[in-house]
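Enquirer: This structure is in structure tokens; I'll ask about it shortly.
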Amino acid sequence: MRLLFDNSTPGTDPFSPENPLILTTGPLSGTMAPTGGNGHAFVAKSPLTFGVGEAKSHGFFGTELKRAGYDAIIFSNASDKPVYVWVDDDSIQLMDARHLWGKSPRETEEAIRDELGDYYVRVAAIGLAGEKKARPACIINDVSRAAGRTGMGAVMGSKNLKAVAVRGTNDVNVAKPDEFMTFVKEMHERMKGPATAKYKTLGTPLNVLVHNSLGALPTRNFTNAVFEGAEKVSGEYLNEKFVAKIDGCSSCAMRCEHLAAVNEGPYKGTTCRVEYEPLWAFGPHCGVDRLDAIIKAMDLCNYYGLDNLSTGNAVGFAMDLYEHKILSKEDTGGVDLRFGNAEAMVDLVHKIGKREDLGDILAEGVRLAAQKIGKGADKFANHIKGLEMTGYDIRGLKTAAIGYAVSFRGADHNRHGAYAADLKGTVDRFKVEKGRSKIVTDIEDLYAVIDSLIVCKFSRGVYYKEYEDLAKYYELVTGLEMKAEELKRTGERINVLGRLMNIREGFTRKDDHMPPKVMSTPIPDNTVSKGSFVSQKELDFMLDDYYAQRGWTNLGVPTPEKLKELGMEELTPIVERKI
Amino acid sequence: MTTIHDRKFVSSDPEKCVGCCVCEYACSFEKEKSFNPVKSRIRAVRLPPVINMALTCRLCEDAPCVAACPRDALTQSTETGVIIVDGDKCNGCGWCIEACDYGAIMLHPEKKVVFVCDLCEGKPKCVEWCPEEALKLVTADVLAQKARITAVKKLFQESVQPKK
């Protein structure tokens, strides 16, 4: 993020050549650190939020890049014809990619490996959606791993950059090898325990029935919070009927990658990695209870290089508009786009990927699509800062609601994880109260550190001592002294930096908002969360409380004193005019 | 002198292997004190979407790599079956690499001589580290035993399953 900050100017169009696309590895990349060894991140100004965009991915690509000897690569400017970048240890070449244009990320990966004649080349590529600058486009590496959110694939497409191919053959060494190995062994042992059990057994789709029973499963574009078809799209059913194999990433001692195969019906032969969020986006969120169609839709997202979450949101949004007669059968090309129509959903993903018909509008993301459609469509566009929602019904998860509202990435559960307190029941999740923000800032700061180390969030449970364990990792690998306290401060600095970057782009308090239906549609279902929603008064209270907790002004601007305290004085000019 | 029946080698169970490459890291760290799969004696192979397996030296009887070496740089231990590389004789010509059906013998990226699994003096680090317990140090006979038991279990299961 800091590299983006230093290498860009505010007000730049995300698709302009002046918007740099930054690819980084983490400090642990290339080492044996489980999950930390294999991560990478893409950062750029987001075409969805027009603020900070960033997405991380794991697999094998990041570790290869580190072995090639790179901590970060900045792609500035744009190519006038399709190219891919071939990083072969010290050598970097721009290669012709005209023959790859239109191919899926996986086809691109295979084609590049074939033409370079090295089967250990790792590739991160965009699909057709990225080429056509569909705003929710992602960047996919190692077949099924995506830097998914905030439209990084569209930025890559705007540069005519089809793929990055990497081969690294150098050693990666750590500062204190023997102590490091002892610590890694300890992590391996912890990963065999309960902290990672969920990911190794049913996987994240376990959430379906949990959220459903709590009345927190957003259904039909946040119309309901309970899905009558939940059993049929549950993690339990999925694993019993569809999961063929569970794989792991490079250097990981867990394994989470649930590979599902469809063995019968119209989508027979489809295989795809499954997780809760995509399953939610195409399942409950679209009112669809057919796992075969959901798996097909996910597979198509991988094929076109689309973020599952934003795409599923766009489909559900369009279905809601159709149900409310804002979109007619004429608009949908004769398709009966009611909630629950599985074939129509799959069809619409094709159209978004190819930017055809209605899909062309939806490929702008729900915020801009709503503007284009008009007729009050914005009341159904569930996004925050332009980024589409994720599978937590924050109408009845009010600690999480704070985290969502303020996240610099937009509607996002991954940078704060504040839903944990609500779901575990350690707080009254229907209540808004003073001090709740402390839970949010604490976890935001920790998650910022986890994200910057590019350690997988699924492993978060094994850092029993949180900052202390993470600081130890950092110290053993880099040899630089790191204390838990300093690392916590770093977490805060990262969150402040994200905030400042958005402020620099003109973001204000009103950008810390809720998705419209979270405020307009109380949960109607006969369940524990019945009647719950977030009112304007509650949102104001949350924001006041959060800003106060952060030591920011009531406009959500970090004060010069705060910046000084964090050693970020040089950024004071950004806030001076805003206070 | 022991025969092929007693020789233990590292075998990977594709049912358990998840393709995480922890074995590669453990090996390169043990042998070279660095994290670099290119210097690992064991290599994981992933064929998407669902196939994973790690491969290393299988200590073949009358090992083809030894036979292929034009410089007599390779010998096979009569005791353990491990392939021993004479670094002074090897010139990295690669005949042994071509002869090996498993890609288990490789050219070292810096030393320019070939290298191969030496079983870590009977306690392979890859086996110790494998988080999925997919790697085992076994004899061919034990593998056959396991295969037989699995096969019979399957037959038995099928016979007791209700007819559809």
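Top line first, the protein sequences correspond to chains B and E.
Every letter in the first sequence is one number past the one before it in this note's numbering, and letter 447, counting from 1, is 435.
Every letter in the second sequence is one number past the one before it in this note's numbering, and letter 34, counting from 1, is 35.
Built from N, CA and C at the ideal position, the CB exists for glycine as well.
Can you pull out the residues from the stretch 15 to 42 of chain B whose beta carbon lies closer than 7 angstroms to at least one beta carbon of chain E?
Expert: Gly18, Thr19 and Met20
Enquirer: State whether the stretch 78 to 96 of chain B contacts the stretch 114 to 132 of chain B, with contact taken as three or more CB pairs (one from each stretch) at a distance under 8 angstroms.
Expert: Here the stretch 78 to 96 of chain B lies against the stretch 114 to 132 of chain B, with 3 or more beta-carbon pairs under 8 angstroms apart.
Enquirer: So the alpha helix (DSSP H) Val437 of chain B belongs to, where does it begin and stop?
Expert: Within the first sequence, residue 437 of chain B is the residue found at index 449, counting from 1. Counting along the chain, the alpha helix (DSSP H) containing Val437 of chain B begins and ends at Arg424 to Ser440.
Enquirer: What distance in whole Å lies between the Cβ atoms of Phe270 of chain B and Val250 of chain B, which are believed to be in contact at a cut-off of 8 angstroms?
Expert: Locating residue 250 of chain B in the first sequence gives position 262, counting from the first residue. Locating residue 270 of chain B in the first sequence gives position 282, counting from the first residue. At roughly 14 angstroms, the Cβ-Cβ gap does not stay under 8 angstroms, so Val250 of chain B and Phe270 of chain B are not in contact.
Enquirer: So, with DSSP's three-state summary, where would you put Arg487 of chain B?
Expert: Taking the first residue of the first sequence as 1, we reach residue 487 of chain B at position 499. It is helical.
Enquirer: Do you know offhand how far Leu488 of chain B's Cα is from Ala29 of chain B's?
Expert: Translated into the one-based positions of the first sequence, residue 488 of chain B becomes position 500. Translated into the one-based positions of the first sequence, residue 29 of chain B becomes position 41. So the two alpha carbons sit approximately 20 angstroms from each other.
Enquirer: Can you name, in chain order, every residue of its own chain whose Cβ lies under 7 angstroms from the Cβ of Leu60 of chain E, other than the five neighbours on each side?
Expert: Numbered from 1 along the second sequence, position 59 holds the residue referred to as residue 60 of chain E. Answer for Leu60 of chain E: Arg8, Phe10, Gly82 and Val83, listed in chain order.
Enquirer: So, is Pro35 of chain B buried or exposed, given that buried needs 16 or more other C-beta atoms within 10 angstroms?
Expert: By one-based count along the first sequence, residue 35 of chain B stands at place 47. Classification for Pro35 of chain B: buried.
Enquirer: Along chain E, in chain order, which residues have C-beta atoms closer than 7 angstroms to that of Leu247 of chain B?
Expert: Residue mapping note: residue 247 of chain B aligns to position 259 of the first sequence, counting from 1. Near Leu247 of chain B (Cβ distances below 7 angstroms), the residues of chain E are Pro50 and Val51.
Enquirer: Kindly say whether Ala241 of chain B, judged by its beta-carbon, lies nearer than 8 angstroms to any beta-carbon of chain E.
Expert: On the first sequence, residue 241 of chain B is found 253 positions in, with the first residue counted as 1. Cβ-Cβ to chain E under 8 angstroms: yes for Ala241 of chain B.
Enquirer: Between the C-alpha atoms of Thr13 of chain B and Arg(-10) of chain B, what's the straight-line distance to the nearest angstrom?
Expert: Against the first sequence, residue 13 of chain B aligns to sequence position 25. Against the first sequence, residue -10 of chain B aligns to sequence position 2. Spanning the two alpha carbons is a distance of roughly 14 angstroms.
Enquirer: Please classify Gln158 of chain E as buried or exposed, where buried requires at least 16 other C-beta atoms within 10 Å of its C-beta.
Expert: Residue 158 of chain E sits at position 157 when you count from the first residue of the second sequence. Classification of Gln158 of chain E: exposed, given that the 10 Å Cβ count is below 16.
Enquirer: With 7 angstroms as the C-beta to C-beta threshold (strictly closer), list the residues of the stretch 102 to 134 of chain B near chain E in chain order.
Expert: Val131
Enquirer: DSSP three-state call for Pro65 of chain E: helix, strand or coil?
Expert: Working through the second sequence from its first residue, we reach residue 65 of chain E at position 64. Pro65 of chain E: helix per DSSP, three-state reduction.
Enquirer: Starting from Lys188 of chain B, trace the beta strand (DSSP E) in both directions and tell me its first and last residue.
Expert: The count along the first sequence starts at 1 and reaches residue 188 of chain B at position 200. That residue, Lys188 of chain B, is in no beta strand (DSSP E); its alpha helix (DSSP H) goes Ala185 to Lys188.
Enquirer: The beta strand (DSSP E) spanning Leu82 of chain B covers which residue range?
Expert: Indexing the first sequence from 1 puts residue 82 of chain B at position 94. Here the beta strand (DSSP E) through Leu82 of chain B covers Ser79 to Asp84.
Enquirer: Under three-state DSSP, which class holds Asn129 of chain B?
Expert: Taking the first residue of the first sequence as position 1, residue 129 of chain B is located at position 141. Three-state DSSP puts Asn129 of chain B in a strand.
Enquirer: Put Cys260 of chain B into one of helix, strand or coil per three-state DSSP.
Expert: One-based indexing of the first sequence puts residue 260 of chain B at position 272. In the structure shown, Cys260 of chain B sits in a strand (DSSP, three-state: E or B).
Enquirer: Compare the C-beta of Lys34 of chain E against all C-beta atoms of chain B and say whether one is closer than 8 angstroms.
Expert: Your numbering for residue 34 of chain E matches position 33 in the second sequence. It does; some Cβ of chain B falls within 8 angstroms.
Enquirer: Tell me Leu138 of chain E's beta-bridge partners as DSSP assigns them.
Expert: Along the second sequence, one-based indexing puts residue 138 of chain E at 137. DSSP output for Leu138 of chain E lists E:Val11 as bridge partner(s).
Enquirer: Leaving out five residues before and five after Asp308 of chain B in sequence, what residues of the same chain have Cβ atoms less than 8 angstroms from its Cβ?
Expert: As a first step, residue 308 of chain B is located in the first sequence; it is residue number 320 there, counting from the start. Cβ neighbours of Asp308 of chain B beyond the five flanking positions: Arg208, Asn209, Thr211, Phe327 and Phe368.
Enquirer: Going by beta carbon distance, what residues of the same chain come within less than 6 angstroms of Phe(-7) of chain B, once the five residues before and after it are set aside?
Expert: Numbered from 1 along the first sequence, position 5 holds the residue referred to as residue -7 of chain B. Result list for Phe(-7) of chain B: Met489, in chain order.
Enquirer: So Gly93 of chain E contacts chain B; which residues on that side make the cut at Cβ distance below 9 angstroms?
Expert: Taking the second sequence and counting its residues from 1, the one referred to as residue 93 of chain E is at position 92. Residues of chain B passing the Cβ test: none, with the nearest at roughly 16 angstroms.
Enquirer: According to DSSP, Leu(-9) of chain B sits in a beta bridge with which residue or residues?
Expert: Position 3 of the first sequence, counted from the first residue, corresponds to residue -9 of chain B. For Leu(-9) of chain B, no pairing in a beta bridge is given by DSSP.
Enquirer: Please tell me whether Gly104 of chain E has its Cβ less than 8 angstroms away from any Cβ of chain B.
Expert: What you label residue 104 of chain E is simply residue 103 of the second sequence in a count that begins at 1. Answer no: the Cβ-Cβ gap between Gly104 of chain E and chain B never drops below 8 angstroms.
Enquirer: Within 8 angstroms, do at least three Cβ pairs link the stretch 220 to 229 of chain B to the stretch 273 to 283 of chain B?
Expert: yes
Enquirer: According to the Cβ coordinates, are Met20 of chain B and Phe36 of chain E closer than 8 angstroms?
Expert: The residue given as residue 20 of chain B occupies position 32 in the first sequence. The residue given as residue 36 of chain E occupies position 35 in the second sequence. For Met20 of chain B and Phe36 of chain E, yes; Cβs fall inside 8 angstroms.
Enquirer: I need the straight-line Cα distance from Asp528 of chain B to Asp410 of chain B, nearest angstrom please.
Expert: Position 540 of the first sequence, counting from 1, holds the residue named residue 528 of chain B. Position 422 of the first sequence, counting from 1, holds the residue named residue 410 of chain B. Taking the straight line from one Cα to the other gives about 19 angstroms.
Enquirer: Grab me the residues of Pro93 of chain B's own chain with a C-beta within less than 6 angstroms of its C-beta, minus the 5 sequence neighbours each way, in chain order.
Expert: By one-based count along the first sequence, residue 93 of chain B stands at place 105. Cβ within range, chain order: Ala113, Gly115, Ile128 and Gly293.
Enquirer: Just the C-alpha distance for Asp381 of chain B and Thr299 of chain B, rounded to the nearest angstrom, thanks.
Expert: By 1-based counting over the first sequence, the position of residue 381 of chain B is 393. By 1-based counting over the first sequence, the position of residue 299 of chain B is 311. If you take the alpha carbons of Asp381 of chain B and Thr299 of chain B, they lie about 18 angstroms apart.
Enquirer: Return the residues of the stretch 257 to 287 of chain B that lie within a Cβ-Cβ distance of less than 9 angstroms from chain E, sorted by chain order.
Expert: Thr259, Cys260 and Arg261
Enquirer: Spell out the partners DSSP gives Pro165 of chain B in its beta bridges.
Expert: In the first sequence, counting from the first residue as 1, residue 165 of chain B sits at position 177. For Pro165 of chain B, which the question treats as bridged, DSSP gives no partner whatsoever.
Enquirer: Terminal residues of the continuous alpha helix (DSSP H) containing Tyr26 of chain E?
Expert: Indexing the second sequence from 1 puts residue 26 of chain E at position 25. Element bounds for Tyr26 of chain E: Val23 to Glu33.
Enquirer: Could you check the C-alpha separation between Arg261 of chain B and Ser29 of chain E for me, to the nearest Å?
Expert: The residue given as residue 261 of chain B occupies position 273 in the first sequence. The residue given as residue 29 of chain E occupies position 28 in the second sequence. Going by the C-alpha atoms only, they are around 30 angstroms apart.
Enquirer: For Leu202 of chain B and Lys445 of chain B, what's the separation of their Cα atoms in angstroms?
Expert: Your numbering for residue 202 of chain B matches position 214 in the first sequence. Your numbering for residue 445 of chain B matches position 457 in the first sequence. Taking the straight line joining both Cα atoms gives about 23 angstroms.
Enquirer: Count the other C-beta atoms from every protein chain shown that fall within 10 angstroms of the C-beta of Val177 of chain B, then say buried if there are 16 or more, exposed otherwise.
Expert: Counted from its first residue, the first sequence places residue 177 of chain B at position 189. In the sequence on display, residue 177 of chain B carries Glu and not Val. With fewer than 16 Cβ atoms within 10 Å of its Cβ, Glu177 of chain B is classed as exposed.
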